[in-house]
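Notes to accompany the following structure.
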Amino acid sequence: MEEYLHHMKTLRSQMNEVEDQAAKISVEEQTHITTIQTLEKDLVSAKSEIKRLKEDTEQMMKARGEICSQILEKQRKSAVLDSDSHTLAQTLELIKQERVNLSARLVEKRIGSTLTELVEKWESMYWYFLLNSFFFLLCGNDAEKNLIAKLDSAKSKLVKIAQMKSKLVAENNKMKQFIEQLKCSAKDFKTELLEMDIKTLEVEYEALLSDKAGEIDYLQSLQKQIKQFKVNVVNSFLLHFPEIRVS
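Numbering (our numbering), first residue to last: 52 to 298.
Here it is as structure tokens:
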């Protein structure tokens, strides 16, 4: 009986130990489960953080690409502006040279005015010769021939003056064509940079051309009048003095 009680006591003691170990194992298992759950949460959080970092990296790369594109575009625009600035400087230099040339043309215009005065003087001389032709005709054929020679000489000089004026007009036409070509070559630039100088040149040119055209018309009309008047004078004298014969 005592042995039975001893075995029962030993068995109960072992069962208590097993229960204690089972309780410890259960506690450890729960601890491990909690740890695993915590690690899983940390893993999910880490994955989410990695995804966010990846998205941020992609956005940064995209922004970097846009910044690089903007830098390249600004560099391209800067190069274009440098080229345009250089071309504009050359164009302005050409305009300055053209203004100098037009100034020279204006000097030629003043010379043309002087030539006009000379024409007026030759015209006065011509009319003087015509008014005195009555007396020379009465003096004989030699005096008449001298008068005609002088008149022809005056007419020749008038023709030379007209040729000089025609040459000036031709040079002015060439200058206008050059100005038009210069305007076409500068059409890609802002017109307000060139408008003032170009308009000034055009006004000066139009005034010069108008003066030259008027002088040419005047010379042509003067030549016709002189020729007709000469014919009328000779016919009138032949009518009143039939005994006079022009050889």
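Backbone N, C-alpha and C define an ideal beta-carbon position, used for all residues, glycine too.
How long is the line joining the alpha carbons of Ser-99 and Gly-116, rounded to whole angstroms? For the purposes of this step, residue 99 is taken as the residue at position 48 of the sequence shown. For the purposes of this step, residue 116 is taken as the residue at position 65 of the sequence shown. Looking at the two C-alpha atoms, the distance is approximately 26 Å.
Next on the checklist: On the CB-based measure, 16 or more other CB atoms within 10 Å of its CB, does Ile-146 come out buried or exposed?
Outcome noted: Looking up residue 146 in the sequence shown gives position 95. Buried: at least 16 other Cβ atoms inside 10 Å.
* Cutoff 8 Å; reference Gln-141; Cβ partners in own chain excluding five residues on either side -> Locating residue 141 in the sequence shown gives position 90, where the first residue counts as 1. Closer than 8 Å at Cβ, skipping near neighbours: no residue.
*State buried or exposed for Leu-56, treating a residue as buried only when at least 16 other CB atoms are found within 10 Å of its CB.*
Here the question's residue 56 lines up with position 5 in the sequence shown. By the neighbour-count rule (16 or more Cβ atoms within 10 Å), Leu-56 is not buried but exposed.
| said: Let's test the definition: count the other Cβ atoms within 10 Å of the Cβ of Glu-94 and tell me whether it reaches 16, buried, or not, exposed. | reply: Position 43 of the sequence shown, counting from 1, holds the residue named residue 94. Note on identity: in this sequence residue 94 is Leu, with Glu being the wrong assignment. Counting Cβ neighbours within 10 Å, Leu-94 comes out exposed, since fewer than 16 surround it.
Checklist entry - Taking the alpha-carbon positions, what's the Glu-91 to Gln-81 distance? => result In the sequence shown, counting from the first residue as 1, residue 91 sits at position 40. In the sequence shown, counting from the first residue as 1, residue 81 sits at position 30. Glu-91 and Gln-81: Cα-Cα distance of roughly 15 Å.
| Local conformation of Gly-191 per DSSP, three classes | Walking along the sequence shown from the start, residue 191 turns up at place 140. Residue placement at Gly-191 cannot be trusted, given a pLDDT of 48 that sits under 50; what the coordinates show is reported in the next sentence. If DSSP states are grouped into helix, strand and coil, Gly-191 belongs with coil.
May I have the straight-line CA-CA distance separating Gln-214 from Glu-222, to the nearest angstrom?
Position 163 of the sequence shown, counted from the first residue, corresponds to residue 214. Position 171 of the sequence shown, counted from the first residue, corresponds to residue 222. About 12 Å.
Report task. Measuring alpha carbon to alpha carbon, tell me which of Ser-207, Lys-225 and Lys-105 ends up nearest Asn-152. Result -> On the sequence shown, position 101 is the one that residue 152 refers to. Here the closest residue by C-alpha is Lys-225.
* To do: Compute the Euclidean distance between the alpha carbons of Asn-67 and Ser-77, then round it to the nearest angstrom.
  => Along the sequence shown, one-based indexing puts residue 67 at 16. Along the sequence shown, one-based indexing puts residue 77 at 26. In a straight line, the C-alpha of Asn-67 is about 15 Å away from that of Ser-77.
For Ser-96 and Ile-84, the rounded distance between their alpha carbons: Here residue 84 refers to the residue found at position 33 of the sequence shown. Here residue 96 refers to the residue found at position 45 of the sequence shown. Taking the straight line joining both Cα atoms gives about 18 Å.
field: Min CB distance Ser-77 to chain D below 7 Å
entry: As a matter of chain content, chain D is missing from the structure shown, which is built from one protein chain.
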